[in-house]
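Chains as they are written, first to last, in my numbering: chain L, 4 to 240; chain F, 28 to 282; chain H, 7 to 424. Okay, so here's the structure we're looking at.
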Amino acid sequence: MIKANNITKQFGKLRALDEVSVSFQKGECIALLGPNGSGKTTLIKSLLGMVVPDKGDIYFNDKNIAGQWKHRDRIGYMPQIGRYPENMTIAQVIDMMKDIRKKDTAEIDEELIHRFGLPNMMHKKMRALSGGTTQKVSAALAFLFKPDALILDEPTAGLDPLSSEILKQKIIQEKQNGKLILITSHILSELDDMITEVFYMQEGRLLFHKKLSVLKEETGEIKLSKAIASIMSAQLI
Amino acid sequence: MKKILKYVIVDIVQNKIVLIYTFLLLVISLSVFSLENNSAKGMLSLLNIVLIIVPLICAVFSTIYIYNSGEFIVLLVSQPLKRRTIWLSLFFGLATSLCLAFFIGAGIPILLYHADATGFMMIAMGLCLTVVFVSIAMLAAGLARDKAKGIGLSIMLWMYFSLIFDALALFFLFQFQDYPLEKIMTLMSFLNPIDLGRIQILLQMDISALMGYTGAVFREFFGNSLGISLSFLGLSVWAAMPLLISLRRFKKKDL
Amino acid sequence: MKTTIGWHVIFLSLPLFFSLPGFAQGKTIPVGKSKPLQSIQQAIDLAANGDTVLVDPGLYKEENILVRKSIVLKGVDYPVLDGQHKHAIITVKAKDAVIEGFKMQNTGRSEIDDIGAIMIFDSYRVTAINNILDNSNFGVYLQNSRSCLIKDNDITAYGKSELQSGNGIHCWNSDSIQIIGNRITGHRDGIYFEFVTNSLVWRNASVKNLRYGIHFMFSHHDTYIGNIFEGNESGVAVMYTNNIHMYNNFFLNNWGAAAYGILLKDITDSDISGNHFVRNTIGIHMEGCSRIKLHKNIFNNNGWAVKIQASCDNNEFTRNNFTGNTFDIGTNGSLVLNTFNGNYWDKYEGYDLNRDGVGDVPYHPVSMYSMIIDNNPSALMLFRSLIVSLLDKSEKILPGVTPEKLQDETPLMKRLPL
């Protein structure tokens, strides 16, 4: 569904992406892992077209996305820190998004809105919201249009455990619906139940891209966090 | 385009700074007209507001607004929207709301107290300069990545157009005062939108001093309908050029 | 001052009083289509001193009617005298003659001779009153005459260029002339005086002439009261004259590169008061003038209210109102030999702590920018720009370029009720 060939991106002296190739398929839930500054966010932004790679092509459903914008209709994106026009209410932001996407009501999935209890605070202005509530809005927006692919940047950061759990359930559900889901997170423990594959980056390069089951088998660990830790230590040796 | 534009306008119109700006313009305009028993003198005071304050506020506010909308722009870019649409919506949103602010703050008092050719030209130039300086702010924001630099750049550009350019022109005039410079000066005025606006308003207003001497040259050129059309064309170019340059940069920008 | 005016008026009105038709003793000779005499010239030839020639309405095409007797030549309902674009219409060489109530049109035009509608030569106490002059080269032409009265005539021409057009009322080498209540338009100069002395110009309107509204030189001891000079190509210019008195005249709307409300060149010992200078490129331009008292004048909405060249000395500007002018005073030198006292300047930004109505700090009416424009007219493009305002402000605080001494020590806080 999403393919990238040898994409490279340079920010000044820093090489954020170095010949990275990816191939993500429907129905997969991929954990995008790696230390800080390993190029995860740049990769996500490249896939979304927010960062234009210096080299390499990205395909979405076999179409090159360079200079295109329509494919984003099929992608739901939840940013690490969502920032919205301060003077708008939640209702206005949601309406605006609906407006932009021009979807029929049948194609709208408001489950998260309801489960996060957002209808009670629809009239609140964005600037008055706590970080957690803003994250809820971001999450609800990402899932709102039933996109084929979901890109979630640190989705559970800032969410309370209950909401976190709701979101996790939703991710699993969507995965089962055959969507492609891309998650970056530092909290490896919570990824165990959701993900099917691990995409591990370091210093702008792809270190490995393996099925979770394969990874666990190779390392002999049951937990993702342990498995990663053992790889890291193996690397150090 | 329309949708984003609508949201940008709704957002800016609710902005406190814009409300204060409108209110301030309104207070200044009403007070100059009611304090001066001679509305022509009030117009002179307003001339400085239109030529100096309006461009400054428009440039600085727009620059800050664009930087503050950084995350919102990111949000929009991740949506199925053309970058061109987003950038132009921001521009037209800013231009429309600031024009509205100017019209309410200064335009209505002018219409109330001085609704003649001078008043109309003053309003037209205020609106034109608003649009031009929003465009210049977009350029400043497009060129500088960091907010402080961007605001600095837009203030520098404002300084250049409102003061430095004229100082250079004056210097140039003294250096070459033995040569006939009227035509060159006429051309030079097209290099500065504030000068274009000022000359057009003055031709409606302070015609007396301009008509003596070589004022005739300026009057002949700027005073007829061709000159007025060319001035407006010049201002349109000034509104379009910085915007288009910034748009080209924005299209390639990494967010 | 008032007594002087009154004296002038009474003295100059005496001839008018004696020459009124009612006082003429003698017979009346009618002229007209249905009358025995059809020719005006014939009637004049038949008349004796003191007679009246009364002309019926109609069109008369006679060549240059000559009046050499003390008669009254009077038209009924404006009979039309047509010069057929060839001739002068009436020539007077007489004393105590009156020309009244005619419409004169289409005089000739000549490069060599001055041709006009009413030509008055070497005459004494001649009156031209209540005539309509249409499309004349010169309107009324006086030469070597004394104590004549030109009153209530309507003088219109349609000249296209200065050179091909004569003056409305042209006086040369005359004395004690009164020009009262005439309306003059479309001529080269509305009123032209050369070597005309002790004369009065009162309540005339000289409008839209091709050159000057009034133009005089070497015409001493003349008085100008209540005239309107409006929209003339070059305004008004007066030269080489002393002892002129100008009261309550209006100098309006004289626009252009070389247009002045009034240009004073080598005028001395004169009195200019109560006049209105409104919407002129330059209200008053003074060159080589001395000892002129300018007081209680109104300068409103001019480009420059006053331009005073360094060649002027001992002129006094007192109690004038300067309002809405782009520049109040312009000058070309740093030497200041003229005084400005107790005027009202609307640009004055001083204060009056003791509340005596007089500002506590002097006012400098010369702006730096006006001097810049003088040297460098192209700088006009920067008019009212921020840089120019800043320069002007700093110059006001620390005069460097502008003449420091040119100042009003006692500027008024309130406009004078003029």
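Note that the Cβ used here is the ideal one computed from N, Cα and C, for glycine as well.
In the DSSP annotation of this structure, the continuous segment of the beta strand (DSSP E) that includes H/GLU106 starts and ends at 104-106. By the CB criterion at 9 Å, F/LEU83 and F/PHE160 fall inside the cutoff. When 8 Å is used as the limit between beta carbons, L/TYR87 is near these residues of chain F: GLU98, PHE99 and LEU102, in chain order. Secondary structure note for H/SER180: its beta strand (DSSP E) is the uninterrupted segment 175-181. A Cβ-Cβ distance of about 5 Å is found for the pair H/ASN326 and H/ASN303, placing them in contact under the 8 Å criterion.
Interface annotation for the stretch 176-199 of chain F against chain H: SER189, LEU190, ASP193, ALA194, ALA196 and LEU197, criterion Cβ-Cβ distance under 8 Å. Here DSSP, grouped into helix, strand and coil, assigns F/ILE84 to helix. Here H/ILE118 carries a coil assignment [DSSP, helix/strand/coil].
9 Å or more divides the Cβ of L/LEU155 from the Cβ of L/LEU162. Between L/ILE103 and L/THR137, the gap from beta carbon to beta carbon reaches 9 Å or more. Around the Cβ of H/ILE118, a 10 Å sphere holds fewer than 16 other Cβ atoms; the residue is exposed.
Only those residues of the stretch 37-59 of chain F whose C-beta falls short of 8 Å from the nearest C-beta of chain L are listed: VAL37, ASP38, GLN41 and ASN42.
Going by C-alpha positions, H/LEU258 is about 47 Å away from F/PHE88.
In the displayed model, H/ARG152 falls within a strand according to three-state DSSP.
For F/LYS68, the closest Cβ of chain H is nearer than 9 Å. In terms of Cα proximity to L/GLN172, the closest of L/TYR87, L/GLN71, L/LYS73 and L/ALA142 is L/ALA142. Within its own chain, the residues whose Cβ lies closer than 7 Å to the Cβ of H/GLN90, once the five positions on either side in sequence are excluded, are LYS67 and ASN112, listed in chain order. Per DSSP, reduced to three states, the secondary structure at H/CYS318 is coil, with no helix or strand assignment. Under the Cβ distance rule, H/PHE127 does not count among the residues neighbouring chain F, no pair being separated by less than 9 Å. Here the stretch 335-343 of chain H lies against the stretch 306-314 of chain H, with 3 or more beta-carbon pairs under 8 Å apart.
A Cβ-Cβ distance of about 6 Å is found for the pair H/VAL98 and H/SER129, placing them in contact under the 8 Å criterion. Residue contact check for L/ASN67 against chain F: no CB pair falls below 9 Å.
H/THR34 is classed as exposed because its beta carbon has fewer than 16 other beta carbons within 10 Å across all chains shown. According to DSSP, residue pairing for H/THR203 in a beta bridge involves H/ASP181.
One alpha carbon belongs to H/ASN286, the other to H/ASN307, and they sit about 7 Å apart. For the stretch 219-258 of chain H, the full-length beta strand (DSSP E) segments reaching 3 residues or more read 220-223, 229-231, 234-236, 241-248, 251-253 and 256-258 along the chain. Straight-line measurement puts the Cα of F/ILE100 at about 24 Å from the Cα of L/MET124. Neighbours of L/LEU20 in chain F, taken as residues at a C-beta separation under 8 Å, are lacking, since the least C-beta distance is about 11 Å. Between the stretch 64-74 of chain F and the stretch 109-117 of chain F, the count of C-beta pairs closer than 8 Å stays below three; the two stretches do not touch.
For H/ASN306, there is no enclosing alpha helix (DSSP H); the enclosing beta strand (DSSP E) covers residues 304-306. The beta-carbon distance between H/ASN188 and H/ILE161, rounded to whole angstroms, is 6 Å. This is short enough to meet the 8 Å contact definition. For F/ILE226, the neighbours in chain H by C-beta distance under 9 Å run, in chain order, MET387 and PHE389. With 16 or more other Cβ atoms inside 10 Å of its own Cβ, F/LEU262 counts as buried.
Put simply, the stretch 175-189 of chain H touches the stretch 145-165 of chain H. At least three CB pairs are less than 8 Å apart. In chain order, ALA385 place their CB closer than 6 Å to the CB of H/ILE378, counting only its own chain and leaving out the 5 sequence neighbours on each side. For L/ASP76, the C-beta contacts it makes with chain F under 7 Å involve PRO107, in order along the chain.
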